[in-house]
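Residue numbers (this note's numbering), protein chains in the order written: chain P, 800 to 1196; chain F, 22 to 376.
Following: one structure in structure tokens, then a few remarks.
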Amino acid sequence: MDLSLGSEYDEFRIEVKDFLANNAHKAPKGNDLRGDTAKDWQKLLIENGYTARTIPKEFGGFGAEPDILKSRIIAEEFSNARVNTGLGGQGISMLVPTLLEMGTQEQKKQFIRPTIHGEMIWCQGYSEPGAGSDLASLTTSAVLEGDEWVVNGQKIWTSTAHIADWIFCLVRTEPDAPKHKGISFLLFDMKTPGIEIRPLVDMTGAANFNETFYTDVRVPKHQIVGERGQGWQVANAILGHERETLAPANTAQTRINALIELMKTDTADGERLIDNPVYRDRLMKVQGQVMAMRFNELRVLSARLNPGQDAGLSRMITKLEGTELRHELEGLAIDVMGEIGLAYEDNPHLRNSGSWQREYMYFLGLIIGGGTSQIQKNIISERGLDMPREPKIEKSR
Amino acid sequence: MQFGLSEEQILLQDNVKRFLNDNASLDHVRKYAEGESDANIWAGLSELGVAALLIPEEHGGIGMTPLDAAIVAECLGNNVAPGPFLGSAVMAPTALIASSGDHGELLGELAAGTHRVGIAFGEAIKRRNDAGIQVSNGVMNGTSLFAFDAVADSYLVADQNKHLYLVSASDTGLTRTVLTTVDKTRQTVELTYKDVAATCISTEVSVFETTLDIGRVMLAADTLGAAQDMLDQAVDYAKQREQFNRPIASFQAVKHMCAEMAASLEPCRSMVWFAAHALADLPDEARATACHTKAHLSEVGKAIAKTSTEVHGGMGFTDLVGLHYWFKRIGANRQWLGAPEHVRHEAAVLQGLVA
Chain P
800 MDLSLGSEYD
810 EFRIEVKDFL
820 ANNAHKAPKG
830 NDLRGDTAKD
840 WQKLLIENGY
850 TARTIPKEFG
860 GFGAEPDILK
870 SRIIAEEFSN
880 ARVNTGLGGQ
890 GISMLVPTLL
900 EMGTQEQKKQ
910 FIRPTIHGEM
920 IWCQGYSEPG
930 AGSDLASLTT
940 SAVLEGDEWV
950 VNGQKIWTST
960 AHIADWIFCL
970 VRTEPDAPKH
980 KGISFLLFDM
990 KTPGIEIRPL
1000 VDMTGAANFN
1010 ETFYTDVRVP
1020 KHQIVGERGQ
1030 GWQVANAILG
1040 HERETLAPAN
1050 TAQTRINALI
1060 ELMKTDTADG
1070 ERLIDNPVYR
1080 DRLMKVQGQV
1090 MAMRFNELRV
1100 LSARLNPGQD
1110 AGLSRMITKL
1120 EGTELRHELE
1130 GLAIDVMGEI
1140 GLAYEDNPHL
1150 RNSGSWQREY
1160 MYFLGLIIGG
1170 GTSQIQKNII
1180 SERGLDMPRE
1190 PKIEKSR
Chain F
22 MQFGLSEEQI
32 LLQDNVKRFL
42 NDNASLDHVR
52 KYAEGESDAN
62 IWAGLSELGV
72 AALLIPEEHG
82 GIGMTPLDAA
92 IVAECLGNNV
102 APGPFLGSAV
112 MAPTALIASS
122 GDHGELLGEL
132 AAGTHRVGIA
142 FGEAIKRRND
152 AGIQVSNGVM
162 NGTSLFAFDA
172 VADSYLVADQ
182 NKHLYLVSAS
192 DTGLTRTVLT
202 TVDKTRQTVE
212 LTYKDVAATC
222 ISTEVSVFET
232 TLDIGRVMLA
242 ADTLGAAQDM
252 LDQAVDYAKQ
262 REQFNRPIAS
272 FQAVKHMCAE
282 MAASLEPCRS
292 MVWFAAHALA
302 DLPDEARATA
312 CHTKAHLSEV
322 GKAIAKTSTE
332 VHGGMGFTDL
342 VGLHYWFKRI
352 GANRQWLGAP
362 EHVRHEAAVL
372 QGLVA
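Put into structure tokens, the structure is as follows:
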């Protein structure tokens, strides 16, 4: 057991702190993906290696060697300072790593630089009305006609489709192959004729999701990542990583600290909320759970740094435990506030900008999205505990 | 940065596991529960160095860390093994080393495994009804309830002021009454003191606290081991038990129960490691972390004890499978040295959240 990072990293942390002290005022507030402030901030972060850190210089990145600890220090310091960590979105978090791993040189050159600089916004076309947990049963088709794929079908949960420039999309190109082997990974412009977008308002009131419809959408043949029929492997090259990062313990820690502050400040019948023994016990219970997840994350990190170290099931359980925990934490804040816990949107009695209700619902969405809790339990029991799969039921027609 | 066990620690774990699998199988545990002595098990563990783990080399020990001790505690919990590890190898040495007195001789005997110390801390944690201890001029009167690791040569007693005393089991004024509890893998007694000679070990509250903290982390580690074994047993049972012409492990209802156990238990391992590490290396975090770890492991352990029993169906409820030894061990660990609500309150106090 050695929790010290070493002097190289202590110095790096000071560098990051200095950068934040001198530049944090330039950071955008909120989530505007299109604004100039956001783009300028992104550029500054890339130049200093605080985002797009390991993306090669020739594709517009900072070009550093991968260093898990430095990435973690950056994440920690930005989180502690509550400063925007640069542009996110599925183009940057999902497509860019996919292209780096599976894309052609031309694709990398064409797409990575504008994507990481916020000039090209992407949406992800994976789920369909009939293909949710069983994603590989998707039916949106692409048929090759001459030099073009002709895409027909429907996608759902297409985040940011309404503002996206391009989409990366899973389509069925080999209808006669087994379901996992008939899928291809296409990239195309969202301005292509034949695409219709309908916003899907979620329970938080936001419309980040969309339903998208594709009718004879013509896509140049070369806009495929990987080979025909390899789309499932292309998509899965980074899907596991996405799951691990959905509910980081770092953020849970920030939230529990905010809840403690709230409970020390807010009063009921003149008594601080934290002085109520029932509320306090619930708070401590959740704090203990957050603590356990923080140490679990340290173990995951350590196993990445020290190949050969046994990480047990520590990675496999983070999505399930992390999202459920956040939902519980946010819900606890609502409970202790009584009626004030109901406040939303423009209510003058909001606490922490109304984030408790918003996150409470948002994390219910994350419990479902990215592989539901039930799918996670299947994965844990089958891959982690070596329990058998449920036998397939023959379809009765 | 390395968060995990060293090669030496994995070796220690393997050695203790191997010994316990040979010498503290369920058959042995049953015999112990029916009254057989645990002397052989403790002698064997002492030969492996388990009794000497935390004692400095100058007193015949091997001077290892609380994390090493937690590894052993986890192994003991795994096998629901009897033996005075918590009292004699962890809490008594910790108190003696933390105190300012010279206890070289006793530490030497503890390291050799030839002296056993029971723990009577109940009065300092939360005094119940009729109990309570008075000490004046080295003479102790009163009662301690639920002293554990009770087959002992002496007892480490904490009074309501959190002062620590050592009393000899052979003192004629000391009466030991065995208290039956659900957990038959470790003995519990009520101690009545009538003009008993009490050697003061320390009147510093910090010595009591250091001893309590490590005790709590070890109970959490014991629960970790016991809960892991209950999960493993449930998964194994589900794979071999067939109903409706298929192993019940192929039913999603059963798989999800097992996945929930695994998902809640996995972070507990990291938590116990960190808590044990903090005792030696992170004094600012150690106390609250020990409280949280004790409470969290108690909650997760309780849920796993229930769920694993359910996965075993009717067999889980019987004495045939013996699963109840694990269920009860986890239950006892939960109550000793502060039940969850109690230690969570302490965690809040330690963070200054409440007076």
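Note that the Cβ used here is the ideal one computed from N, Cα and C, for glycine as well.
Quick caveat: nothing in here was measured; it's all calculated off a predicted structure.
Check	Outcome
If I'm right that Thr232(F) touches Ala119(F) with Cβ under 8 Å, what's the distance once you round it to whole angstroms?	7 Å
When DSSP builds the beta bridges, which residues end up paired with Glu944(P)?	Glu947(P)
Taking only the alpha-carbon atoms, compute the straight-line gap between Asp89(F) and Phe169(F) and give it to the nearest angstrom.	22 Å
Please report how far the alpha carbon of Ala110(F) lies from the alpha carbon of Val226(F), in whole angstroms.	21 Å
Could you say if the stretch 1171-1190 of chain P and the stretch 941-951 of chain P meet the contact criterion of at least three C-beta pairs nearer than 8 Å?	no
With H, G and I counted as helix, E and B as strand and the rest as coil, what does DSSP make of Lys838(P)?	helix
Spell out whether any CB of chain P is found under 8 Å from the CB atom of Ala270(F).	yes
Listing by chain order, which chain P residues have their CB less than 7 Å from the CB of Ala316(F)?	Gly1087
Between the beta-carbon of Ala54(F) and the beta-carbon of Thr164(F), is there less than 8 Å?	no
So Leu999(P) is in the beta strand (DSSP E); what residue range does that whole segment cover?	Ile994 to Leu999
Excluding the 5 residues preceding and the 5 following Met336(F) in the sequence, name in chain order all residues of the same chain whose CB lies nearer than 7 Å to its CB.	Val342
Tell me whether Gln155(F) is buried or exposed, calling it buried when 16 or more other Cβ atoms sit within 10 Å of its Cβ.	exposed
Whose Cβ in chain F lies nearer than 9 Å to the Cβ of Leu1112(P)?	Ala283, Ala284, Leu286 and Glu287
Compare the beta carbon distance of Val1024(P) and Phe987(P) with 8 Å and say whether it is the shorter of the two.	no
Using the rule of at least 16 other Cβ atoms within 10 Å of the residue's Cβ for burial, across every protein chain shown, is Asn266(F) buried or exposed?	exposed
Apart from the five residues just before and just after Val199(F), which ones in its own chain have a Cβ nearer than 7 Å to its Cβ?	Gln208 and Val210
Taking the straight line between their C-alpha atoms, what separation do you get for His26(F) and Thr310(F)?	Here residue 26(F) turns out to be Leu, not His, going by the sequence shown. Distance between the alpha carbons of Leu26(F) and Thr310(F) is about 19 Å.
Expressed to the nearest angstrom, what Euclidean distance is found between the alpha-carbon atoms of Ile854(P) and Lys323(F)?	47 Å
Based on the DSSP output, what are the partners of Pro1019(P) in its beta bridges?	Glu947(P)
Do the stretch 1157-1175 of chain P and the stretch 26-41 of chain F meet, that is, are 3 or more Cβ pairs less than 8 Å apart?	no
Against chain F, does Glu1120(P) count as a neighbour if the rule is that its beta carbon must be under 8 Å from one of theirs?	yes
For Gln30(F), which residues of its own chain have a beta-carbon under 8 Å away from its beta-carbon, when the five flanking residues on both sides are left out?	Leu88, Asp89 and Ile92
DSSP three-state label for Gln1029(P), please.	coil
For the stretch 1000-1015 of chain P against the stretch 947-967 of chain P, do three or more pairs of beta-carbon atoms, one drawn from each stretch, fall closer than 8 Å, so that the two count as touching?	yes
Give me whichever residues DSSP pairs with Ala930(P) in a beta bridge.	Glu927(P)
Could you give the residue range of the beta strand (DSSP E) that holds Arg971(P)?	Trp965 to Arg971
For Arg912(P), tell me which candidate among Ser870(P), Ile955(P) and Ala851(P) has the shortest Cα-Cα distance.	Ala851(P)
Would you identify the three-state DSSP class for Ala280(F), choosing helix, strand or coil?	helix
Run through chain P and tell me which residues come within less than 8 Å of Glu362(F), C-beta to C-beta.	Asp1080
With DSSP run on the structure shown, which of helix, strand or coil describes Thr1014(P)?	strand
If I'm right that Ala179(F) touches Phe229(F) with Cβ under 8 Å, what's the distance once you round it to whole angstroms?	6 Å
Indicate the three-state DSSP secondary structure (helix, strand or coil) for Pro896(P) in the structure shown.	helix
Can you tell me whether Asn162(F) is helix, strand or coil according to DSSP?	strand
What do you reckon, are the CB atoms on Trp948(P) and Val1033(P) nearer than 8 Å?	no
Specify, as a first and last residue, the run of the beta strand (DSSP E) that Asp1200(P) falls within.	Here chain P has residues from 800 to 1196 only, and residue 1200(P) is not among them.
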